[in-house]
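Peer 1: This structure is in structure tokens; I'll ask about it shortly.
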Amino acid sequence: MQRRFGPLSPAVTDKLNNAPAADLEAWAENVLDARTVDDVFDPNA
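The structure is reproduced here in structure tokens:
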């Protein structure tokens with residue numbers, strides 16, 4: 001995510017560090033199409 005969006009906020013880093021594996025898998029796929037960091041976490045983006 002840093003490579004695509006630049007430095008991540010502490011809140012995003014914390015969210016990633018504490019997420020269950022299922023969320024990480026979904027977000028990893030979302031990174032491919034996301035225009036913003038917020039889009040990564042939005043299931044409707």
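Residue numbers are given in the working numbering: position 14 of the sequence shown equals residue 14, and the series is strictly consecutive. Here a beta-carbon is modelled for each residue, glycine too, at the ideal position from N, C-alpha and C.
Could you tell me the alpha carbon to alpha carbon distance between residue 40 and residue 20, rounded to whole angstroms?
Peer 2: Along the sequence shown, read from residue 1 onward, the residue named residue 40 stands at position 40. Along the sequence shown, read from residue 1 onward, the residue named residue 20 stands at position 20. Looking at the two C-alpha atoms, the distance is approximately 15 Å.
Peer 1: How is the alpha helix (DSSP H) around residue 4 delimited, first residue to last?
Peer 2: Sequence index remark: in the sequence shown, residue 4 carries index 4 (1-based). Per DSSP, residue 4 belongs to the alpha helix (DSSP H) from 2–5.
Peer 1: Could you give the distance in angstroms between the alpha-carbon of residue 36 and the alpha-carbon of residue 10?
Peer 2: The residue labelled residue 36 in the question sits at position 36 within the sequence shown. The residue labelled residue 10 in the question sits at position 10 within the sequence shown. Their Cα atoms are separated by approximately 16 Å.
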